[in-house]
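Number of protein chains: 2
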Amino acid sequence: MNALDRSILDAVPAFAALTGEEIDLVLAHARSLRYPKGSTVFEQGGAADSFFVLLHGHLQVVKLTPAGQQVVIRYVVPGEMFGIAVQMGRRSYPATAQAIMDSLALVWPSSAWPTLVARYPALAESALHIVGTRLDEAHVRVVELATEEVERRVAHALLRLLKQAGRKVDDGIEVAFPITREDVAQMTGTTLHTVSRILSAWEARGLVEGGRQRIVVRDPHGLFAIAETPKA
Amino acid sequence: MNALDRSILDAVPAFAALTGEEIDLVLAHARSLRYPKGSTVFEQGGAADSFFVLLHGHLQVVKLTPAGQQVVIRYVVPGEMFGIAVQMGRRSYPATAQAIMDSLALVWPSSAWPTLVARYPALAESALHIVGTRLDEAHVRVVELATEEVERRVAHALLRLLKQAGRKVDDGIEVAFPITREDVAQMTGTTLHTVSRILSAWEARGLVEGGRQRIVVRDPHGLFAIAETPKA
DNA sequence: GGGGCTGTTTGTCGGATCGCAAACAGGGAG
DNA sequence: CTCCCTGTTTGCGATCCGACAAACAGCCCC
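Listed in order, the protein sequences are those of chains W and D. Heads up, the first sequence is in this note's numbering, so the first residue is 219 and it goes up one at a time. Heads up, the second sequence is in this note's numbering, so the first residue is 219 and it goes up one at a time.
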């Protein structure tokens, strides 16, 4: 096992309530694992035998419908805890997590959770906050899917991607990981064709700039205007 | 304050882990309040100063968009904990809860939560499970909204209503509280007109039976078939 | 350096579903 | 018992968006 330095977890909100020494003890239960691009971290329906903190890279979490369609639930960025199905009382993962870049994560066996919370009750609180935040996000998405037209949904999704994983570049802000039109479609409940058309239209207006698996936003404010403008 | 009998909470999953004596102590912090039909229990954006357990009646939880559109997030049935924003680290309620029938709820001040969890850590675990379940449900809804056509979404919503609050009647199972076409529309991201058309079509096929603020399902299996049949 | 694979763009067509409008009906209030 | 309010039904036209199709273009791998 690698030597894990406590500084690794300093930037992880879930452990913010712990002291340095406590973090050391929590880390003693973990190991770090590499997930090469394209590999699967855990699979929908599989036994929830681990939970994780992402240290480096990016993951995509997708849910598969019985009919075989995919929906992108979220992207995991460094510092986030994920795969916390067990904390929610589940025995299996409700979705699949895949590395979309070479990634590195801390891994705890699920069996360690009861021990850890018993010793550090603040962890239970952290987990509750995390799940609560995700619940909020999910509800926001439900509201968007239920009330907004496709173009506004795509604008909202893109703005969220920028907030979560935006990287400043010369001519704007780009999504910091490779993302296809199909991915955006699966986030917003539409088709890659429609996403492509929308992005093309925005590009013609100078709002964004496209590329293969790449989206650069030149004018975030303009995008915001689209996201917030009630239809027509 | 009323005398609150511990048996009140026997049927509440959130308190399942507590012994009878512990339940007494938890109850000591609560009072019970009546909410007449149509009254508001808490409001979106309002300070999250209480959390609740519904004892009797039914609540509707709705989220309002900036543009003024409503989306029904869920219905609260007796035995459920609700208004647990504070447990998730929020200072305000993310949605509005209204009584759709005369209702009765136990009310705790949010300030009591830290005290209670400190004494009964199992409560934190319960809260985590509850929020986890809601997160799952929200994700299922996201997937449905993103991938299914309106008719199937309505079928799924109706089946969920039956499971949660179905009441056996002579000719089938009915939703146990008054619910309008508009409500169903706000649950499924469509319009009351489309819901009305769909229900009329189903009624013509003998699957359901309508009524003012009333939906009776005659053939749950047939509904299920619609819900699960991939489009066309 | 050249396939070939994967991702992107664009056009056309059709259909699901929404918006608008108007009539209808159950049921509570007085 | 009757009025009126709220909820429901139904028709029709408009349109957003998905399905199908075909061509194009990075980029990885051999």
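Note that the Cβ used here is the ideal one computed from N, Cα and C, for glycine as well.
How long is the line joining the alpha carbons of A356(W) and A445(D), rounded to whole angstroms?
-> In the first sequence, counting from the first residue as 1, residue 356(W) sits at position 138. In the second sequence, counting from the first residue as 1, residue 445(D) sits at position 227. Roughly 22 Å separates the two Cα atoms.
W326(W) - partner residues in DSSP beta bridges = By 1-based counting over the first sequence, the position of residue 326(W) is 108. F269(W).
Where the beta strand (DSSP E) through T314(W) begins and ends | For this step, residue 314(W) is matched to residue 96 along the first sequence. Where T314(W) is concerned, the enclosing beta strand (DSSP E) stretches over 314-317.
Euclidean distance between Cα positions of F395(D) and H276(D) | Here residue 395(D) is taken as the residue at index 177 of the second sequence, counted from 1. Here residue 276(D) is taken as the residue at index 58 of the second sequence, counted from 1. Distance between the alpha carbons of F395(D) and H276(D): 7 Å.
Nearest neighbour of R337(D), chosen from I241(D), D320(D), A419(D) [CA to CA] | Stepping through the second sequence from its first residue, residue 337(D) is reached at position 119. The alpha carbon of R337(D) has as its nearest neighbour, out of I241(D), D320(D), A419(D), the alpha carbon of I241(D).
According to DSSP, is E261(D) helix, strand or coil?
-> For this step, residue 261(D) is matched to residue 43 along the second sequence. In this structure, E261(D) counts as coil in the three-state DSSP scheme.
Looking at the unbroken beta strand (DSSP E) that takes in K386(D), where does it start and where does it end?
-> The count along the second sequence starts at 1 and reaches residue 386(D) at position 168. 384-387 is the span of the beta strand (DSSP E), which, as asked, contains K386(D).
Which same chain residues, not among the five before or five after M219(D), have their C-beta less than 6 Å away from its C-beta?
-> Here residue 219(D) refers to the residue found at position 1 of the second sequence. A caution first: M219(D) carries a pLDDT of 46, below 50, which makes its placement in the model too unreliable to give a value.
Taking Cβ positions, are K281(W) and A315(W) nearer each other than 8 Å?
-> The residue labelled residue 281(W) in the question sits at position 63 within the first sequence. The residue labelled residue 315(W) in the question sits at position 97 within the first sequence. Not a contact, by the Cβ cut-off of 8 Å.
Alpha carbon to alpha carbon, how far is F300(W) from T283(D)?
-> For the purposes of this step, residue 300(W) is taken as the residue at position 82 of the first sequence. For the purposes of this step, residue 283(D) is taken as the residue at position 65 of the second sequence. For F300(W) and T283(D), the distance between alpha carbons rounds to 29 Å.
Contacting residues, own chain, Cβ-Cβ under 6 Å from D267(D) (five flanking each side not counted) = Start at 1 with the first residue of the second sequence, and residue 267(D) comes out as number 49. Correct list, in chain order: S328.
Taking the alpha helix (DSSP H) that R399(W) falls in, what are its first and last residues?
-> Taking the first residue of the first sequence as position 1, residue 399(W) is located at position 181. R399(W) -> alpha helix (DSSP H) spans 399-406.
Please confirm whether S293(W) and Q382(W) have their CB atoms less than 8 Å apart.
-> For the purposes of this step, residue 293(W) is identified with residue 75 of the first sequence, where counting begins at 1. For the purposes of this step, residue 382(W) is identified with residue 164 of the first sequence, where counting begins at 1. The sequence shown places Tyr at residue 293(W), not Ser. Judged by their CB atoms, Y293(W) and Q382(W) are nearer to each other than the 8 Å cut-off.
Residue range of the unbroken alpha helix (DSSP H) whose run includes L441(D) = Working through the second sequence from its first residue, we reach residue 441(D) at position 223. Start and end: 438-446.
Mind listing the chain D neighbours of A364(W)? Cutoff is C-beta to C-beta under 7 Å, in chain order.
-> Counted from its first residue, the first sequence places residue 364(W) at position 146. Ordered by position in chain D, the residues that pass the 7 Å Cβ test against A364(W) are V289, L363, G407.
Leaving out the 5 sequence neighbours to the left and right, which residues in its chain are closer than 6 Å to L344(W) when beta-carbon positions are compared?
-> Counted from its first residue, the first sequence places residue 344(W) at position 126. First, the amino acid is wrong: residue 344(W) is Ser here, not Leu. Excluding residues within five positions, the ones whose Cβ falls inside 6 Å are A232.
Three or more C-beta pairs below 8 Å linking the region 372-382 of chain D and the region 402-416 of chain D | The region 372-382 of chain D is in contact with the region 402-416 of chain D.
Go ahead and pull the three-state DSSP assignment for R430(D).
-> Within the second sequence, residue 430(D) is the residue found at index 212, counting from 1. Here R430(D) sits in coil by DSSP.
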